[in-house]
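Counting with the working numbering, you get residues 70 to 308 for the letters of the sequence shown.
From the three backbone atoms N, C-alpha and C, an ideal C-beta is built for every residue, glycine too.
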Amino acid sequence: MTKLSVNINKIATIRNARGGETPSVTEAAIKIQEYGGQGITIHPRPDERHITRKDVYDIKPLVTTEFNIEGNPHRPFIDMVLDVKPEQVTLVPDADDAITSNAGWDTKKHLDFLTEIIAEFKNAGIRTSIFLDPNPELVEYAAKTGTDRIELYTEAYAKDYTSNKERAIKPYYDTAVVAADFGLGLNAGHDLSLDNLKFFADNIPNLLEVSIGHALISEALYMGLENTVQAYLKRLAQW
Numbered sequence: 070m071t072k073l074s075v076n077i078n079k080i081a082t083i084r085n086a087r088g089g090e091t092p093s094v095t096e097a098a099i100k101i102q103e104y105g106g107q108g109i110t111i112h113p114r115p116d117e118r119h120i121t122r123k124d125v126y127d128i129k130p131l132v133t134t135e136f137n138i139e140g141n142p143h144r145p146f147i148d149m150v151l152d153v154k155p156e157q158v159t160l161v162p163d164a165d166d167a168i169t170s171n172a173g174w175d176t177k178k179h180l181d182f183l184t185e186i187i188a189e190f191k192n193a194g195i196r197t198s199i200f201l202d203p204n205p206e207l208v209e210y211a212a213k214t215g216t217d218r219i220e221l222y223t224e225a226y227a228k229d230y231t232s233n234k235e236r237a238i239k240p241y242y243d244t245a246v247v248a249a250d251f252g253l254g255l256n257a258g259h260d261l262s263l264d265n266l267k268f269f270a271d272n273i274p275n276l277l278e279v280s281i282g283h284a285l286i287s288e289a290l291y292m293g294l295e296n297t298v299q300a301y302l303k304r305l306a307q308w
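Structural data, given as structure tokens:
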């Protein structure tokens with residue numbers, strides 16, 4: 070079964086545009102889980118453009134499903150994750166000034182760095198995942214780091230889906246097969262939506278979790294949050 074983890078960064082973006090506490094990220098986390106969401110994902114960045122450090126600590130006790138914290142493993146991020154102890158940490162190599170995540174790790178180039186960081190998290194009992202482009206050659210080096218999972222970066226799939234979905238999914242399928250050979254769990258995320266999720270989930274073997282934020286929150290403006298969460302669960306054949 071593929072779990073749905075909802076990224077609530079965009080709730081924080083709207084709140085921060087006006088100031089104050091509306092809309093509430095904590096209320097969103099509670100409601101999403103009530104509506105069937107199986108995880109809450111956040112991606113705190115150093116400039117706190119959306120999720121803040123305070124949010125991280127406020128959300129933690131409210132998550133009854135699974136808490137996934139994404140981010141570039143600078144020392145302040147590492148120390149915060151070790152303190153909060155989410156169920157999962159996803160390592161993303163985004164620059165501080167990036168609008169959104171735009172690439173996966175070169176696991177061969179950064180093998181030693183990732184191995185060291187992952188050991189810290191695993192020693193604390195936190196499951197680890199590495200954000201990865203759909204490249205089977207990088208999976209072997211991801212496995213060497215000791216990570217538990219990889220998260221496939223799905224922007225390229227989403228862009229190519231409408232023109233040729235079979236071509237769009239092939240590198241992801243190939244990478245997923247190699248990940249299984251190395252015993253790695255498989256997550257996916259970035260630009261997955263109600264339009265393209267079902268085909269992806271139906272054709273990627275051993276897909277454990279999808280993390281979806283921008284599209285889901287955007288669609289919720291028209292459909293309502295409860296209806297949208299349940300629509301995503303239907304795409305994953307869980308509702």
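Rounded straight-line distance, which links the Cα of residue j to that of residue i
{"i": "Val153", "j": "Ala97", "result": "19 Å"}
{"i": "Ile147", "j": "Pro240", "result": "31 Å"}
{"i": "Asn272", "j": "His112", "result": "27 Å"}
{"i": "Glu90", "j": "Gly293", "result": "20 Å"}
{"i": "Pro130", "j": "Lys123", "result": "12 Å"}
{"i": "Val246", "j": "Lys303", "result": "25 Å"}
{"i": "Leu253", "j": "Glu295", "result": "32 Å"}
{"i": "Ala270", "j": "Ala249", "result": "16 Å"}
{"i": "Leu261", "j": "Ala227", "result": "6 Å"}
{"i": "Asp163", "j": "Tyr291", "result": "30 Å"}
Residue i and residue j closer than 9 Å at C-beta
{"i": "Pro203", "j": "Ala225", "result": "yes"}
{"i": "Ile281", "j": "Val150", "result": "no"}
{"i": "Trp174", "j": "Leu221", "result": "no"}
{"i": "Asn137", "j": "Gln157", "result": "yes"}
{"i": "Asn85", "j": "Arg114", "result": "no"}
{"i": "Ile219", "j": "Asn256", "result": "yes"}
{"i": "Leu301", "j": "Leu263", "result": "Position check: residue 301 holds Tyr in this sequence, whereas Leu was assumed. Yes; because the gap between Cβ atoms is below 9 Å, this pair is in contact."}
{"i": "His283", "j": "Asn78", "result": "yes"}
{"i": "Ile305", "j": "Thr133", "result": "Checking the displayed sequence, the identity of residue 305 turns out to be Leu instead of Ile. Cβ atoms of Leu305 and Thr133: not closer than 9 Å."}
{"i": "Thr216", "j": "Thr197", "result": "yes"}
N- and C-terminal bounds of the beta strand (DSSP E) containing residue i
{"i": "Tyr222", "result": "218-222"}
{"i": "Thr110", "result": "108-111"}
Range of the contiguous alpha helix (DSSP H) that encloses residue i
{"i": "Asn78", "result": "78-87"}
{"i": "Thr244", "result": "234-250"}
{"i": "Glu103", "result": "94-103"}
At 4 residues or longer, and completely inside the region 116-181: list those alpha helix (DSSP H) runs for me, N to C. Whole alpha helix (DSSP H) segments, 4+ residues: 122-128, 144-153.
Could you name each continuous beta strand (DSSP E) segment of 3 residues or more that falls completely within the region 183-209, going from the start of the chain to the end? For the region 183-209, whole beta strand (DSSP E) runs of length 3 or above, ordered along the chain, are 196-201.
Taking only runs of the beta strand (DSSP E) that begin and end inside the region 253-306, which ones reach a length of at least 3 residues, in chain order? The region 253-306 contains these whole beta strand (DSSP E) runs: 254-258, 276-281.
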